[in-house]
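Some notes on the structure that comes next.
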Amino acid sequence: MAFEGVDVEWVRGQLQNFLDETEPVYEDNSNSWVLRCSRGRFVELMEVAGAILDRLYPDWAQQNIPELGADEPEQEVRDAVRRLIVRLDYQNELIERLGGTDTEPQISARSLHPLVWKAATAQWSTGHRHEAVLAAAKAVNSLLQKKTRRRDCSEGELIKQAFSHNPPEQGKPRLRYDRISNEQTAKSMRIGVMDFGAGCFGAIRNPIGHLPNDEVELDEQSALERLCALSLLARWIEEADLLTA
């Protein structure tokens, strides 16, 4: 329950406004409950509330399933907003009473390699997580091609050639870690990045790119882990030295 860097008062105000404007009212002529606001206004309010929920309460949709036969319209969203307001109101007291904050490390998507997150952002924001990972993998491949100045091959084959133990040839530069003073360590780094990169393209990019969508749907944790792997690969590619013939 970490809200560091969050404007809690603004967020709480937006959520409370959402509840106020979407309060259910009974409509006699239709004998049913409807939202106080218009449908168009609800869509506008949901743009803000949905973004807040997705950021601060990622599992809100799974944890707020509407009751069968419930009368309240948009019950799952309103319940999620209520829950988040309670968390905001009681965060400090809970930390005090429960003995401190969660000490487990946390990763923010925005702390990933900027190339990876920039490529993934659009698809991630619409819930297409496997497409986000695919876009990130393609971006890393483009980085590798740009670094090696090659367009004649790509992905797993290119990374194997780029980090090959063979000396550079005309049109086939190599990537090395010659700034590492220990020769054996530099060699281990080269081989490790080569194998890791080939694994990323083989086990992350290829299944998503070639299998049907229903076989490659990813939950948030699985997708984020793949983005982390691609982020690390991108950083290692950037850190490598280019050797030309």
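Each residue of the sequence shown is one higher than the one before, starting from 0 at the first, in numbering that gives the first Met the number 0. Every residue gets a Cβ at the ideal spot worked out from N, C-alpha and C, and that includes glycine.
Q) When the Cα atoms are used, what is the spatial distance from LEU157 to ASN63? A) Sequence index remark: in the sequence shown, residue 157 carries index 158 (1-based). Sequence index remark: in the sequence shown, residue 63 carries index 64 (1-based). In a straight line, the C-alpha of LEU157 is about 46 Å away from that of ASN63.
Q. Which residue spans inside the segment 138-196 form an unbroken beta strand (DSSP E) run of at least 3?
A. 173-175
Q. What are the start and end residues of each continuous beta strand (DSSP E) run of 3 or more residues lying completely inside the segment 39-84, in chain order?
A. none
Q: Look at ARG175 and ALA233 and say whether their C-beta atoms are less than 8 Å apart.
A: Taking the sequence shown and counting its residues from 1, one reaches residue 175 at position 176. Taking the sequence shown and counting its residues from 1, one reaches residue 233 at position 234. Not a contact, by the Cβ cut-off of 8 Å.
Q. Distance, Cα to Cα, MET45 vs VAL192?
A. For the purposes of this step, residue 45 is identified with residue 46 of the sequence shown, where counting begins at 1. For the purposes of this step, residue 192 is identified with residue 193 of the sequence shown, where counting begins at 1. Whole-angstrom Cα-Cα distance: 44 Å.
Q. By Cβ distance below 6 Å, which residues in the same chain neighbour TRP59 in space, the five residues on each side in sequence not counted?
A. Residue 59 sits at position 60 when you count from the first residue of the sequence shown. Only LEU52 and ALA79 meet the Cβ criterion.
(Q) For GLU20, report the span of its beta strand (DSSP E) as first-last. (A) What you label residue 20 is simply residue 21 of the sequence shown in a count that begins at 1. Per DSSP, GLU20 belongs to no beta strand (DSSP E); it is in the alpha helix (DSSP H), 7-20.
Q. Between GLY246 and ALA202, which are expected to be in contact by the criterion C-beta below 8 Å, what is the C-beta distance as a whole number of angstroms?
A. The question about residue 246 has no answer, for the chain in this structure spans 0 to 244.
Q. Can you tell me the Cα-Cα spacing of ARG178 and ASP151, whole angstroms?
A. On the sequence shown, position 179 is the one that residue 178 refers to. On the sequence shown, position 152 is the one that residue 151 refers to. Near 28 Å, if we compare the C-alpha coordinates of ASP151 and ARG178.
Q. Tell me the DSSP bridge mates of PRO23?
A. The sequence position of residue 23 within the sequence shown is 24, counting from 1. According to DSSP, PRO23 bridges with LEU34.
Q: Consult DSSP for LEU242 and reduce its assignment to one of helix, strand or coil.
A: Within the sequence shown, the letter at position 243 stands for residue 242. Correct three-state label for LEU242: strand.
Q: Return helix, strand or coil for HIS129, following the three-state DSSP convention.
A: Working through the sequence shown from its first residue, we reach residue 129 at position 130. Helix, per DSSP.
Q.
If contacts are defined as beta-carbon pairs under 8 Å, then ALA244 and GLN169 qualify, I think. What distance do you get, rounded to the angstrom?
A. As a working note, residue 244 is residue 245 in the sequence shown. As a working note, residue 169 is residue 170 in the sequence shown. Indeed, because the Cβ distance is near 5 Å, the residues count as touching under 8 Å.
Q: Count the other CB atoms, across all protein chains shown, that sit within 10 Å of the CB of VAL42; report buried if there are 16 or more and exposed otherwise.
A: Position 43 of the sequence shown, counting from 1, holds the residue named residue 42. The residue is exposed, with fewer than 16 neighbouring Cβ atoms inside 10 Å.
Q | Cut-off 7 Å between Cβ atoms - residues of its own chain near LYS83, not counting five sequence neighbours on either side | A | The residue you call residue 83 lines up with position 84 of the sequence shown. As written in the sequence, residue 83 is Leu, which differs from the Lys given in the question. Cβ within range, chain order: LEU14, LEU52, LEU55 and TYR56.
Q) Skipping 5 residues on each side, what residues in its chain have a beta carbon closer than 7 Å to that of ARG189? A) Along the sequence shown, read from residue 1 onward, the residue named residue 189 stands at position 190. Excluding sequence neighbours, ARG189 sits near PHE162, ARG175 and TYR176.
Q. Going by the CB atoms, is the gap between ARG204 and ALA138 shorter than 8 Å?
A. Translated into positions along the sequence shown, residue 138 becomes position 139. Translated into positions along the sequence shown, residue 204 becomes position 205. Taking 8 Å as the Cβ cut-off, ALA138 and ARG204 do not qualify as a contacting pair.
**Q.** Proximal residues to VAL24 (C-beta, below 8 Å), its chain only, five neighbours per side dropped
**A.** For this step, residue 24 is matched to residue 25 along the sequence shown. Counting only Cβ-Cβ distances below 8 Å, and skipping sequence neighbours, we find TRP32, VAL33, LEU34 and ARG35.
Q: Please classify ASP213: does DSSP put it in a helix, a strand, or coil?
A: Here residue 213 corresponds to residue number 214 of the sequence shown, with the count starting at 1. Here ASP213 sits in helix by DSSP.
Q. Hey, how far is the Cα of LYS145 from the Cα of LEU114?
A. Here residue 145 refers to the residue found at position 146 of the sequence shown. Here residue 114 refers to the residue found at position 115 of the sequence shown. Rounded to whole angstroms, LYS145 to LEU114 spans 13 Å at the Cα level.
Q. Can you give the beta carbon distance from SER230 to HIS112, rounded, assuming they're within the 8 Å contact cut?
A. On the sequence shown, residue 230 is found 231 positions in, with the first residue counted as 1. On the sequence shown, residue 112 is found 113 positions in, with the first residue counted as 1. Confirmed, Cβ separation roughly 4 Å.
Q | CB contact flag (ALA118, ALA108, <8 Å) | A | What you label residue 118 is simply residue 119 of the sequence shown in a count that begins at 1. What you label residue 108 is simply residue 109 of the sequence shown in a count that begins at 1. The answer is no: Cβ separation not under 8 Å.
Q) Which of the three DSSP states, helix, strand or coil, is assigned to ILE106? A) Your numbering for residue 106 matches position 107 in the sequence shown. In the structure shown, ILE106 sits in coil (DSSP, three-state: anything other than H, G, I, E or B).
Q) Can you tell me whether ARG173 is buried or exposed, with buried defined as 16 or more other CB within 10 angstroms of its CB? A) In the sequence shown, the residue the question calls residue 173 occupies position 174. Looking at its Cβ environment, which holds 16 or more other Cβ atoms inside 10 Å, ARG173 is buried.
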